[in-house]
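Below is one structure; the comments refer to it alone.
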Amino acid sequence: MRLLFTFLALLGALSAQAFSPAEIARWQQQAKQVKIVRDNWGVPHVYGKTDADAVFGLLYAQCEDDFARVEDNYIVNIGRLAEVEGEAALYQDLRARLFLDSTQAISIYRKSPAWMKQLLNAFADGTNFYLYSHPTVRPKLLRRFQPWMPLMFSEGSIGGNISVVPLERLKNFYSQRKSTSWQRPDFMKQDQEPVGSNGFAIAPAKSASGHALLLINPHTSFYFRPEVQVISEAGLNAYGAVTWGQFFVYQGFNQHCGWMHTSSYADSMDEYLETIEKKDGKYVYRYGSKLRPVQTTTVSIAYKQADGKLGRKEFTTFRTHHGPVVGQQADNKWVTVRMMDTPLEALEQSYLRTKATDYASFREVMKLNGNASNNTVFADSKGTIAYWHGNFIPRRDPQFDWSMPVDGSNPKTEWQGLHKVEDLVQVMNPASGWIQNCNSTPFTVAGPSSPAKNKYPAYMAPDAENYRGVNAVRVLSRKNTFTLDTLIAAAKDPYLAGFEELIPALAKDFQFAMDSPNPPEGNVVEAMKLLRGWDRRYGKTSVAQTVATYWGEKIQRLARTRVAPNQPMDQMKLIAFVIAKTSPQEKVAALQETLDELTRDFGTWKMPWGEVNRFQRLTGNIQETYDDQQPSLPVAFTSSAWGSLAAFGSKAYPGTKKRYGNIGNSFIAVVEFGPRLKARSVLAGGNNSKPSSPHFTDQAGLYVEENFKDVLFYPEDVQKHAERTYSPGQ
Numbered sequence: 003m004r005l006l007f008t009f010l011a012l013l014g015a016l017s018a019q020a021f022s023p024a025e026i027a028r029w030q031q032q033a034k035q036v037k038i039v040r041d042n043w044g045v046p047h048v049y050g051k052t053d054a055d056a057v058f059g060l061l062y063a064q065c066e067d068d069f070a071r072v073e074d075n076y077i078v079n080i081g082r083l084a085e086v087e088g089e090a091a092l093y094q095d096l097r098a099r100l101f102l103d104s105t106q107a108i109s110i111y112r113k114s115p116a117w118m119k120q121l122l123n124a125f126a127d128g129t130n131f132y133l134y135s136h137p138t139v140r141p142k143l144l145r146r147f148q149p150w151m152p153l154m155f156s157e158g159s160i161g162g163n164i165s166v167v168p169l170e171r172l173k174n175f176y177s178q179r180k181s182t183s184w185q186r187p188d189f190m191k192q193d194q195e196p197v198g199s200n201g202f203a204i205a206p207a208k209s210a211s212g213h214a215l216l217l218i219n220p221h222t223s224f225y226f227r228p229e230v231q232v233i234s235e236a237g238l239n240a241y242g243a244v245t246w247g248q249f250f251v252y253q254g255f256n257q258h259c260g261w262m263h264t265s266s267y268a269d270s271m272d273e274y275l276e277t278i279e280k281k282d283g284k285y286v287y288r289y290g291s292k293l294r295p296v297q298t299t300t301v302s303i304a305y306k307q308a309d310g311k312l313g314r315k316e317f318t319t320f321r322t323h324h325g326p327v328v329g330q331q332a333d334n335k336w337v338t339v340r341m342m343d344t345p346l347e348a349l350e351q352s353y354l355r356t357k358a359t360d361y362a363s364f365r366e367v368m369k370l371n372g373n374a375s376n377n378t379v380f381a382d383s384k385g386t387i388a389y390w391h392g393n394f395i396p397r398r399d400p401q402f403d404w405s406m407p408v409d410g411s412n413p414k415t416e417w418q419g420l421h422k423v424e425d426l427v428q429v430m431n432p433a434s435g436w437i438q439n440c441n442s443t444p445f446t447v448a449g450p451s452s453p454a455k456n457k458y459p460a461y462m463a464p465d466a467e468n469y470r471g472v473n474a475v476r477v478l479s480r481k482n483t484f485t486l487d488t489l490i491a492a493a494k495d496p497y498l499a500g501f502e503e504l505i506p507a508l509a510k511d512f513q514f515a516m517d518s519p520n521p522p523e524g525n526v527v528e529a530m531k532l533l534r535g536w537d538r539r540y541g542k543t544s545v546a547q548t549v550a551t552y553w554g555e556k557i558q559r560l561a562r563t564r565v566a567p568n569q570p571m572d573q574m575k576l577i578a579f580v581i582a583k584t585s586p587q588e589k590v591a592a593l594q595e596t597l598d599e600l601t602r603d604f605g606t607w608k609m610p611w612g613e614v615n616r617f618q619r620l621t622g623n624i625q626e627t628y629d630d631q632q633p634s635l636p637v638a639f640t641s642s643a644w645g646s647l648a649a650f651g652s653k654a655y656p657g658t659k660k661r662y663g664n665i666g667n668s669f670i671a672v673v674e675f676g677p678r679l680k681a682r683s684v685l686a687g688g689n690n691s692k693p694s695s696p697h698f699t700d701q702a703g704l705y706v707e708e709n710f711k712d713v714l715f716y717p718e719d720v721q722k723h724a725e726r727t728y729s730p731g732q
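Going by my numbering, the first residue of the sequence shown is number 3, and it counts up by one from there.
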């Protein structure tokens with residue numbers, strides 16, 4: 003034991019060498035102004051005298067729960083992933099640094115207002131104090147966090163805005179390989195599990211209590227955001243989901259109002275085709291009748307080599323006034339990208355909205371136009387419900403097709419400022435009494451009370467309808483009064499609208515096959531009878547759901563091979579394409595193959611959905627592993643691709659026959675904004691990433707049954723259920 007203490011003391015001494023005695027003393031003093039109360043679910047309720055104290059404690063608590071994810075988010079966002087993962091990550095780092103690098107972030111930090119600097123300093127101090135206090139924690143890369151880092155990770159959205167830039171095209175250009183055509187953004191690849199979110203708001207007129215209600219239901223990778231409450235004596239009191247490493251509640255509520263963000267396809271960025279020439283040995287680009295010099299910069303990126311040592315690769319990067327060059331077309335035109343480049347405003351908006359007190363103050367914060375990738379569903383204690391489609395939307399000449407790259411040499415393609423908040427597609431207190439958005443068109447957001455599409459430019463809301471949106475409208479339209487319980491029931495309505503046309507199309511083609519000289523026989527006939535009688539609702543005991551899902555995935559894979567390259571194909575268009583572009587014989591053959599594969603894997607094709615669709619958490623690693631021989635839980639809900647409002651994206655992994663979920667419902671909450679706030683929530687698995695923690699999977703049982711726990715919002719309730727109370731460093 004003495005050797006262990008000596009070893010820990012040595013590690014502590016080595017760690018302390020990275021931080022000065024003055025820093026340590028300052029952190030220890032600030033820690034005394036912070037109290038963390040862990041409730042019986044392990045949720046941290048962080049109390050501070052000032053907002054900066056609360057942020058200090060919040061980051062410390064996050065690091066306690068999952069330092070690896072905190073660090074990983076910053077490694078990715080500051081463009082240093084190759085130092086950990088090697089040369090394969092070079093172009094991901096290059097993409098990050100093309101749009102914002104540490105030199106720019108430091109400059110922005112130095113010019114930030116005093117209140118923001120205090121928060122940024124508290125972010126760094128809280129994280130560094132955790133590292134000082136936990137000398138056995140060995141970071142992969144970042145042994146000191148800097149206050150400018152959050153400026154490179156300011157909005158909290160899934161994937162970040164730079165995900166619009168295809169990595170393969172970027173690599174082709176900067177490794178001097180020609181790209182043959184325009185490529186769709188990485189995040190729009192059709193074979194990916196849908197991500198996004200659901201947000202519902204219910205007006206007092208449709209609430210049994212007479213108070214507004216809000217559903218917060220992000221669909222992300224599991225454990226992407228933990229559950230927290232952060233409170234200060236300066237008026238901060240936010241509860242909800244925080245992205246690891248950020249100091250603001252991203253989707254949540256305070257005692258006055260709540261906000262739910264859903265991923266938006268509102269056009270917030272553009273690609274320009276630049277006409278490039280060489281003049282006196284240097285690159286120039288045409289703009290109007292003149293030639294302008296292409297700006298060049300050398301970017302040096304470190305990467306881990308096979309021997310573990312660091313190598314470096316230098317890139318000469320290019321940019322025009324539109325933005326960085328990210329690729330080249332077959333006609334030799336260079337592609338530049340223009341997008342939001344105001345990280346301070348994004349960070350200010352992300353934080354200040356958590357302190358809004360009503361619709362008017364929340365709307366005032368939105369005037370910062372710092373949210374480039376999200377819609378907002380809103381409700382407040384005064385009874386207002388509202389929706390905004392996007393926030394940062396450039397004003398453009400409508401004569402151009404902004405869904406495609408535009409001519410960079412034509413001055414008419416310049417942005418003409420930003421649309422004001424009042425110009426956005428939006429709705430407030432609709433006559434329908436409800437609002438929904440499921441990453442779908444805003445023109446069905448409130449049923450018959452929705453905004454009119456013809457009043458807005460096409461680039462402002464190109465979003466297609468999807469099956470979740472269809473289902474949400476159906477569910478919310480048919481009920482006159484909601485409570486927290488019935489709002490939860492609406493959020494987990496089991497109808498799968500994605501099969502509404504697909505199964506009848508299969509049945510029709512199956513009948514065609516039955517009338518042929520060589521009709522199907524055996525188990526495929528039995529399976530078809532089962533599918534015909536299926537009510538299109540998910541359930542753990544449903545065999546029809548298993549057959550439909552496996553067949554649906556198989557026939558979609560076949561149909562995708564016939565989609566033209568880069569052809570836009572949303573959920574509903576894809577189903578229509580499947581129906582039209584696969585033959586009766588192919589549909590029936592896919593069904594027979596599905597039955598054969600299920601029989602091969604499980605001994606019978608008659609597998610209840612819950613037997614194959616499972617929740618499992620074994621390691622807590624960012625890249626989780628799965629094992630059919632280890633305990634897991636059955637899950638009824640399914641992929642949002644089929645219209646499941648409660649989303650659970652699952653698949654088989656190497657070495658498994660069963661499917662395991664890793665994306666979909668993550669943090670879910672329902673809130674009632676009365677004189678005394680009421681809320682319930684549930685988190686996928688638990689709040690802590692360590693398998694040894696009692697809060698590693700303590701919410702899994704609730705999660706898989708789609709049940710909720712009571713939110714402990716008020717201090718007296720937190721104290722009644724307190725598991726541990728301490729200050730950072732204790």
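C-beta: ideal position from N, C-alpha, C; glycine also.
Compute the Euclidean distance between the alpha carbons of residue i and residue j, then round it to the nearest angstrom.
i: Ala91; j: Phe69; result: 21 Å
i: Ile665; j: His221; result: 7 Å
i: Ile670; j: Lys34; result: 33 Å
i: Phe58; j: Lys51; result: 11 Å
i: Thr378; j: Tyr705; result: 25 Å
i: Thr182; j: Gln594; result: With a pLDDT of 46 at Thr182, under the threshold of 50, the modelled position of this residue cannot be trusted, and the question is left open.
i: Ser223; j: Met609; result: 26 Å
i: Arg314; j: Ala304; result: 4 Å
i: Met462; j: Ala56; result: 37 Å
i: Gly541; j: Ala638; result: 5 Å
i: Gln569; j: Leu420; result: 29 Å
i: Glu350; j: Leu685; result: 27 Å
i: Pro506; j: Ala529; result: 14 Å
i: Lys191; j: Gln148; result: Note on Lys191: pLDDT 49, under 50, position unreliable in the model; no value is reported.
i: Phe189; j: Asn163; result: In this prediction, Phe189 has a pLDDT of 40, which is less than 50 and means its spatial position is unreliable; what the coordinates show is noted afterwards. Cα-Cα distance, rounded: 10 Å.
i: Val427; j: Leu597; result: 46 Å
i: Gly161; j: Gly524; result: Because the pLDDT of Gly161 is 41, which lies under 50, any placement of that residue in the model is unreliable, and the number read from its coordinates should be weighed accordingly. Each residue's Cα considered, the two are about 47 Å apart.
i: Tyr458; j: Gly283; result: 46 Å
i: Glu170; j: Ile77; result: 21 Å
i: Met406; j: Asp272; result: 8 Å
i: Trp184; j: Leu600; result: With a pLDDT of only 46 at Trp184, under the threshold of 50, the placement of this residue in the model should not be trusted; the figure read from the coordinates follows. In a straight line, the C-alpha of Trp184 is about 39 Å away from that of Leu600.
How would you write the range of the beta strand (DSSP E) that residue i sits in, first residue to last?
i: Gln569; result: Note, Gln569: premise wrong, no beta strand (DSSP E); not H, not E.
i: Phe2; result: Residue 2 is absent from the model: the chain starts at 3 and stops at 732.
i: Gly666; result: Arg661 to Asn667
i: Thr129; result: First-last for Thr129: Ala116 to Ser135, but that is the alpha helix (DSSP H), not the beta strand (DSSP E).
i: Asn200; result: Gly198 to Ile204
i: Ile303; result: Gln297 to Lys306
i: Gln721; result: Here Gln721 belongs to no beta strand (DSSP E); instead the alpha helix (DSSP H) covers Pro717 to Lys722.
i: Leu229; result: Before going further, note that residue 229 is Glu rather than Leu in the sequence given. Its beta strand (DSSP E) spans residues Glu229 to Ser234.
i: Phe255; result: Gln253 to Phe255
i: Thr222; result: Leu215 to Ser223
Name the one or two DSSP bridge partners that residue i has.
i: Asp511; result: BP columns for Asp511 are empty, so no partner.
i: Val286; result: Glu279 and Pro295
i: Asp382; result: Cys259
In the DSSP assignment, find the unbroken alpha helix (DSSP H) run with residue i in it and report its ends.
i: Met430; result: Note, Met430: premise wrong, no alpha helix (DSSP H); beta strand (DSSP E) at Gln428 to Met430.
i: Met262; result: Element bounds for Met262: not the alpha helix (DSSP H) but the beta strand (DSSP E), Cys259 to Ser265.
i: Ala84; result: Ala84 to Glu87
Open item on the list: Ignoring anything shorter than 4 residues, give me the alpha helix (DSSP H) runs that lie fully in the region 547 to 610, in order along the chain.
Closed with: 573 to 583 and 586 to 604
- [ ] Specify whether the region 338 to 347 and the region 203 to 221 touch according to this definition: at least 3 beta carbon pairs, one from each stretch, less than 8 Å apart.
- [x] no
Open item on the list: Check whether the region 497 to 517 and the region 654 to 668 are in contact - that is, three or more C-beta pairs closer than 8 Å.
Closed with: no
Open item on the list: Taking 8 Å as the cut-off, does the region 368 to 387 touch the region 201 to 211 (at least 3 CB pairs, one atom from each stretch)?
Closed with: yes
Task: Stretch-stretch touch, CB-based, cutoff 8 Å, three pairs: the region 494 to 504 with the region 537 to 552 - done: yes
- [ ] Decide yes or no for the touch test of the region 290 to 298 against the region 312 to 326: beta carbon pairs closer than 8 Å, at least 3 of them.
- [x] yes
Open item on the list: For the region 436 to 453 against the region 467 to 480, do three or more pairs of beta-carbon atoms, one drawn from each stretch, fall closer than 8 Å, so that the two count as touching?
Closed with: yes
Task: Validate contact between the region 306 to 313 and the region 361 to 370 using beta carbons, cut 8 Å, 3 pairs - done: no
- [ ] Would you check if there are 3 or more beta carbon pairs closer than 8 Å linking the region 24 to 39 to the region 117 to 134?
- [x] yes
Open item on the list: Pairs of beta-carbons, one from the region 95 to 108 and one from the region 34 to 49, closer than 8 Å: are there three or more?
Closed with: no
TODO: Report yes or no: do three or more beta-carbon pairs, one from the region 647 to 657 and one from the region 579 to 592, lie closer than 8 Å?
DONE: no
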